[in-house]
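Peer 1: Pasting a structure below so you can have a look.
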Amino acid sequence: MAADLAVGFRAGVGTSRVAQALRPDDVVSRFDAPLAEAVAPAAEVIERLAQDAADGLHGHPSARFFGYVCGGSMPVGVAADHLVSAWGQNSPSSWHSPAVAALEQTMSRWCLELLCLPPESGVGVVTGATAANTQAIMADRHGLLKRRGWDVEAQGLFGAPEFPVLIGADAHKAPLDRLRHAGLGADRAIRVATDDQGRMRTDALDAALAACDAPPLVVLQAGQINTGAFDPFGEIIPLVHDRGGWVHVDGAFGLWLQVVPELREMLDGVEQADSWAVDLHKWSSAPYDAGLCIVRDRAALVASMSARGAYLPTASEHWDPSDSVMALSGRARGVPSHAILQHLRKTGLRELVSRHCRLARRVAERLSREPGIEVLNEVVSNQVILACRSDARTEALLAEVQRRGRVYPSHGEWRGRKVIRVSVINYAVQEEDVDLLVEEIISARRGIA
Ligand SMILES: *Cc1c(COP(=O)(O)O)cnc(C)c1O
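So for the sequence shown, the working numbering puts the first residue at 939; every next one is plus one.
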């Protein structure tokens, strides 16, 4: 029955409203009953759950959902995810669940190849880019302090040699928050000036490096959350390495541009970094929650995550999922991505990413011809940001588009202006979907002008 309910839900996605009909308060009251005494039949519980939740769900899997940067949970991945739940594997070790370890290890190896990253890197299959950024920064912290004779896992950060952290002025909030988790302090990070697209300026970085009194950690980004822009990796990373520093790249969605040879140029030099965070539930459309933490020096990743760090097994001996993540027990969250990559393979993935970038350019070209709407970014990937002549008009336009509910872009702020953000990233999105988005924005604007 759950399978039928799931199929029914997905069949309705794309024809029904993209935005949820209910507000949080309306939904809470449906579920907020005291827990009763008597056992209830499982089938009834599931049916009721699906019924009560239906209009409180957002259109995330819809090809007409353009908000935030949200993947659409591709059906082959969802199918594999059902198996994962049914298998009920606790998958920390290759001895407990050899099939899961082998599936995740292969999927990780495929991703390193697809993302053009060093094949010897350590990979942790994590819940998303947030966890990936945190773990990678902890591994980088290990590497930087080890070189200065400090074992941070054993001795902690009190009294440790200090190192500066440099991050772009337009970095996503995510890696900044991760500095907090890694004990490096969000406010302590030195913000480096960026250009009009949010890319770190090499001259500003150079000046900031000159002021560093110890080898720093530099956090870069592949895919700025508003503009979709890329830091100049090829220029910056060698400068940091010259000073003995380490570089982390938040590539939650942007790293996937590597699969398209014509677009790869933007990522030139990114493979020289020391660690990378990338999501599986965004551009590669895995069901939530999945991402990869990738660290060039596998020993640094394992040392910072696992008590086995001191006697690290080689990857070929046996690859234990829990060596590279912060949890001991966990679901086999890499398996759906194995199925997705096995389905799409190289051609499918390349088609998907290049289609999204082409459609994002189409949105920008069509909307920039509309008087009263301005496209604020150079569209180099899948992100488009729009604004009207005033913040009030931009907000009114977005509210009207969302109220109509046929398509769903989301809000944001760029260079002090309110913006409408369009992210073309759903696996199913086609020309007709972006054309509907454009028509909705144009007719809503004319309606309220
Ligand atoms: C989405 C995103 C994150 C956070 O990733 P989650 O998967 O939501 O944890 C971090 N950085 C960037 C650039 C992102 O787009």
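All C-beta atoms in this analysis are idealised placements derived from N, C-alpha and C, irrespective of residue type, glycine included.
Keep in mind the model is a prediction, meaning the values are calculated, not measured.
1. With a threshold of 7 Å (Cβ to nearest heavy atom), would T1068 be considered close to ligand 1?
2. For I1105, does the count of other Cβ atoms within 10 angstroms reach 16, so buried, or fall short, so exposed?
3. Below 7 Å CB to CB, which residues in the same chain sit around G1183 once its five sequence neighbours on both sides are set aside?
4. Could you have a look at F1004 and say whether DSSP puts it in helix, strand or coil?
5. If we count the other Cβ atoms within 10 Å of its Cβ and call it buried at 16 or more, is F1101 buried or exposed?
6. Decide if C1054 is buried, meaning its Cβ has at least 16 other Cβ atoms within 10 Å, or exposed.
7. Taking Cβ positions, are Q1073 and V1063 nearer each other than 8 Å?
8. Please state if the CB of G1166 and the CB of S1292 are separated by a distance shorter than 8 Å.
9. If you measure between the beta carbons of P1099 and L1083, is that distance less than 8 Å?
10. By DSSP, does R1137 sit in helix, in strand, or in coil?
11. Classify V1197: buried if its beta carbon has 16 or more other beta carbons within 10 angstroms, exposed otherwise.
12. Which class does F1096 belong to by DSSP, given the choice of helix, strand or coil?
13. Is it right to say K1284 is buried, meaning 16 or more other beta carbons lie within 10 angstroms of its own, or is it exposed?
14. For W1214, which beta-bridge partners are listed by DSSP?
15. Using a threshold of 8 Å, state whether the C-beta atoms of V1216 and F1171 are closer than that.
16. Might you give, ordered along the chain, the residues of its own chain that have their beta carbon closer than 7 Å to the beta carbon of I1386, omitting 5 neighbours on each side?
17. Note the first and the last residue of the continuous alpha helix (DSSP H) segment covering Q1321.
18. Near S1000, what residues of its chain come up, given a Cβ to Cβ distance below 6 Å and the 5 sequence neighbours on each side ignored?
19. Quick one, are the C-beta atoms of V1362 and F1004 less than 8 Å apart?
20. If we ignore side chains and look at the alpha-carbon of each, how far apart do Q989 and R1269 end up?
21. On the DSSP letters alone, give me the boundaries of the beta strand (DSSP E) that K1220 sits inside.
22. Beta-carbon within less than 7 Å of H1110's beta-carbon, same chain only, minus the 5 sequence neighbours each way: which residues are those?
23. Taking all protein chains shown into account, decide if A1139 is buried (16 or more other Cβ within 10 angstroms of its Cβ) or exposed.
24. Taking the straight line between their C-alpha atoms, what separation do you get for L1239 and R1304?
25. Since I believe L1297 is in contact with V1367 (beta carbons under 8 Å), could you give me their beta-carbon distance rounded to a whole number of angstroms?
26. Assuming R1342 and E1378 form a contact by the criterion Cβ under 8 Å, report the distance between their Cβ atoms to the nearest whole angstrom.
27. On the three-state DSSP scale, how would you describe I1163?
28. Indicate the three-state DSSP secondary structure (helix, strand or coil) for R1202 in the structure shown.
29. May I ask you to report which of helix, strand or coil DSSP gives R1269?
30. Which of helix, strand or coil does DSSP assign to G1106?
31. How long is the line joining the alpha carbons of A1241 and I1380, rounded to whole angstroms?
Peer 2: From the atom records:
1. Yes, the Cβ of T1068 comes within 7 Å of a heavy atom of ligand 1.
2. When all chains shown are included, I1105 counts as buried.
3. So the qualifying residues of the chain are P1153, P1154, L1155 and V1156.
4. Here DSSP, grouped into helix, strand and coil, assigns F1004 to coil.
5. Buried is the call here.
6. C1054 counts as exposed, since fewer than 16 other C-beta atoms from the protein chains shown sit within 10 angstroms of its C-beta.
7. No.
8. Contact annotation: S1292 and G1166 have beta-carbon atoms that are not nearer than 8 Å.
9. Yes, they are a contact pair.
10. Taken through DSSP and simplified to helix, strand or coil, R1137 comes out as coil.
11. Buried is the call here.
12. Coil, per DSSP.
13. Under a 10 Å Cβ-count criterion, K1284 is classified as exposed, with fewer than 16 other Cβ atoms of the shown protein chains found around its own Cβ.
14. As a beta-bridge residue in DSSP terms, W1214 pairs with V1187 and I1232.
15. Going by C-beta atoms, V1216 is not nearer than 8 Å to F1171.
16. Non-local C-beta neighbours of I1386 in its own chain, meaning closer than 7 Å and more than five positions away in sequence, comprise A1334, L1335 and E1338, ordered along the chain.
17. Run containing Q1321: none in the alpha helix (DSSP H); it sits in the beta strand (DSSP E), Q1321 to A1325.
18. Excluding sequence neighbours, S1000 sits near V951, G952 and V956.
19. For V1362 and F1004, yes; Cβs fall inside 8 Å.
20. Rounded to whole angstroms, the gap between the alpha carbons of Q989 and R1269 is 27 Å.
21. No beta strand (DSSP E) contains K1220, which DSSP labels as neither H nor E.
22. Excluding positions up to five away in sequence, the list reads Q1159, I1163 and D1188.
23. The amino acid at residue 1139 is misidentified as Ala; the sequence shows Arg. By the 10 Å Cβ count, R1139 comes out buried.
24. Cα to Cα, L1239 sits roughly 46 Å from R1304.
25. Between L1297 and V1367 the Cβ distance is about 6 Å, and since that is below 8 Å, they are a contact.
26. Confirmed, about 6 Å.
27. Reduced to three states, the DSSP call for I1163 is coil.
28. R1202 falls in the helix class under three-state DSSP.
29. Coil.
30. In the three-state reduction of the DSSP assignment, G1106 falls in the strand class.
31. Cα to Cα, A1241 sits roughly 54 Å from I1380.
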